[in-house]
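*Asks:* When we follow UniProt numbering, the leftmost residue of the sequence shown carries the number 1, and every step to the right adds one.
The beta-carbon is built from N, C-alpha and C at its ideal position, and this holds for glycine as well.
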Amino acid sequence: MQALHIIKIGGNVIDNSENLHRFLKDFTALKGYKILVHGGGKVATQIGESMGIEAQMVDGRRITDIDTLRIVTMVYAGLINKNIVAQLQRYGTNAIGLTGADGDFIRAKKRPVKTIDYGFVGDLFEGSINPDNISKLLDGGFSPVFCALTHDGEGQMLNTNADTIASALAVALSGKYETTLVYCFEKKGVLMDVNDDDSLIREIDPERYEKLKIEKVIHSGMLPKLDNAFTAISCGVKAVIIGHSDDLAHLENKKGFGTRLSK
């Protein structure tokens, strides 16, 4: 079975030109099939403010009204996505920039209004991902670059969490490829002490994870990411790795990059 890496990058990469170029060179050097997933919330906020549109956030989640949807579509699918694709072509990766609407790759449902109306935000569901269409790109020699936008199949674009997209892609494609999901962020991985970069936990399996949770070792902000990671593993993903984008060059050395989560 062909190996596939699905890598999600956060703001620490996107918002820093030097970090981005370093990461894209390392991404290009990765062997085998690969997919990149990105957001770009900080840039969207800055451009929105320059246009007189203030970002509305609730518990760290963006309210996506119609004006905000227009901005994130321009920024995610246009400015950021095409810049990444152009740089990857420069370094030798035959990348193709996409939203979930392109090729009907990723559908979502508009989040229902409960206590908060999040606007045009999409939630994924079972069957959201079209693995057959995506595999045609991979088998054709392309490296897809997905931004954090999906569609509902009725002509409506939806803003969707990039972490969730990456995880759903990994699960859906695990039946066709030996899939590893990689989250690149601003820390070296899962830390015993969030303020000490040298306290990296190299490997975590479900049994150790439960023990670390009981002992309250892991920072609470990491728990949702880890819960999603172990869910992905239970659904067929080979492994989930969490680490710093600067260290991506060491990804294929199992002891050299971040925290590896596995069964």
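Measure the beta-carbon distance from I71 to I47 and round it to whole angstroms, keeping in mind my assumption that it falls under 8 Å.
*Replies:* Residue mapping note: residue 71 aligns to position 71 of the sequence shown, counting from 1. Residue mapping note: residue 47 aligns to position 47 of the sequence shown, counting from 1. About 6 Å separates the two Cβ atoms, so the contact holds.
*Asks:* Would a C-beta distance cut-off of 8 Å place K176 and P131 closer than the cut-off?
*Replies:* As a working note, residue 176 is residue 176 in the sequence shown. As a working note, residue 131 is residue 131 in the sequence shown. Result yes, Cβ atoms of K176 and P131 sit closer than 8 Å.
*Asks:* How far does the alpha helix (DSSP H) with K31 in it extend, from its first residue to its last?
*Replies:* Residue mapping note: residue 31 aligns to position 31 of the sequence shown, counting from 1. Boundaries for K31: no alpha helix (DSSP H) harbours it, and the DSSP string shows neither H nor E there.
*Asks:* Nearest-angstrom Cα distance between A86 and I201?
*Replies:* Your numbering for residue 86 matches position 86 in the sequence shown. Your numbering for residue 201 matches position 201 in the sequence shown. Straight-line Cα distance between these residues: approximately 35 Å.
*Asks:* Taking C-beta to C-beta, are S167 and L181 nearer than 8 Å?
*Replies:* Start at 1 with the first residue of the sequence shown, and residue 167 comes out as number 167. Start at 1 with the first residue of the sequence shown, and residue 181 comes out as number 181. Judged by their CB atoms, S167 and L181 are nearer to each other than the 8 Å cut-off.
*Asks:* Classify Y183 as helix, strand or coil using the three-state DSSP reduction.
*Replies:* For this step, residue 183 is matched to residue 183 along the sequence shown. Of the three classes helix, strand and coil, the one that applies to Y183 here is strand, per DSSP.
*Asks:* Would you kindly work out how many angstroms separate the C-alpha atoms of D102 and I204, rounded to a whole number?
*Replies:* Your numbering for residue 102 matches position 102 in the sequence shown. Your numbering for residue 204 matches position 204 in the sequence shown. Straight-line Cα distance between these residues: approximately 36 Å.
*Asks:* Enumerated in chain order, which unbroken segments of the beta strand (DSSP E) with a length of 3 residues or greater are wholly contained in the stretch 59–98?
*Replies:* 95–98
*Asks:* In the DSSP assignment, find the alpha helix (DSSP H) that holds A44 and state where it starts and stops.
*Replies:* For the purposes of this step, residue 44 is taken as the residue at position 44 of the sequence shown. Taken as a continuous stretch (DSSP letters only), the alpha helix (DSSP H) holding A44 covers G41 to S50.
*Asks:* Using the three-state DSSP reduction, which class does G189 fall into: helix, strand or coil?
*Replies:* As a working mapping, residue 189 is identified with position 189 in the sequence shown. Coil at G189, not helix or strand.
*Asks:* Determine the burial state of V113: buried for a count of at least 16 other Cβ atoms within 10 Å of its Cβ, exposed for fewer.
*Replies:* Indexing the sequence shown from 1 puts residue 113 at position 113. Exposed: under 16 other Cβ atoms inside 10 Å.
*Asks:* To the nearest angstrom, how far is the alpha carbon of V190 from that of I242?
*Replies:* Start at 1 with the first residue of the sequence shown, and residue 190 comes out as number 190. Start at 1 with the first residue of the sequence shown, and residue 242 comes out as number 242. Each residue's alpha carbon lies about 7 Å from the other.
*Asks:* Assign T99 to buried or exposed, taking buried as 16 or more other Cβ atoms, counted over all protein chains shown, within 10 Å of its Cβ.
*Replies:* The residue given as residue 99 occupies position 99 in the sequence shown. When all chains shown are included, T99 counts as buried.
*Asks:* Candidates L158, A232, D196 and D117: which alpha carbon is nearest D59's?
*Replies:* By one-based count along the sequence shown, residue 59 stands at place 59. The option with the nearest alpha carbon to D59 is D117.
*Asks:* Between the stretch 119–126 and the stretch 154–162, do three or more beta carbon pairs fall short of 8 Å?
*Replies:* yes
*Asks:* On the premise that G39 lies in contact with Y76, defined as a C-beta separation below 8 Å, what is that separation, rounded to the nearest angstrom?
*Replies:* One-based indexing of the sequence shown puts residue 76 at position 76. One-based indexing of the sequence shown puts residue 39 at position 39. Right, their Cβ atoms sit about 7 Å apart.
*Asks:* Taking V237 and A162 to be in contact with their CB atoms under 8 Å, please state how far apart those CB atoms are, rounded to whole angstroms.
*Replies:* Taking the sequence shown and counting its residues from 1, the one referred to as residue 237 is at position 237. Taking the sequence shown and counting its residues from 1, the one referred to as residue 162 is at position 162. About 17 Å separates the beta carbon of V237 from that of A162, a gap too long to meet the 8 Å contact definition.
*Asks:* Assuming F23 contacts I9 under a Cβ cut-off of 8 Å, what Cβ separation, rounded to an integer in Å, is found between them?
*Replies:* By one-based count along the sequence shown, residue 23 stands at place 23. By one-based count along the sequence shown, residue 9 stands at place 9. Yes, F23 and I9 are in contact; Cβ-Cβ is about 6 Å, under 8 Å.
*Asks:* Do T93 and T164 come within 8 Å of each other at the CB atom, strictly closer than that value?
*Replies:* By one-based count along the sequence shown, residue 164 stands at place 164. By one-based count along the sequence shown, residue 93 stands at place 93. Cβ atoms of T164 and T93: not closer than 8 Å.
*Asks:* For A172, I'd like the list of residues in its chain whose CB is within less than 7 Å of its CB, leaving aside the five on either flank, ordered along the chain.
*Replies:* Sequence index remark: in the sequence shown, residue 172 carries index 172 (1-based). The residues are I129 and P131.
*Asks:* At what residue ranges does the stretch 101–173 contain a whole run of the alpha helix (DSSP H), taking only runs of 4 or more?
*Replies:* 131–139 and 162–173
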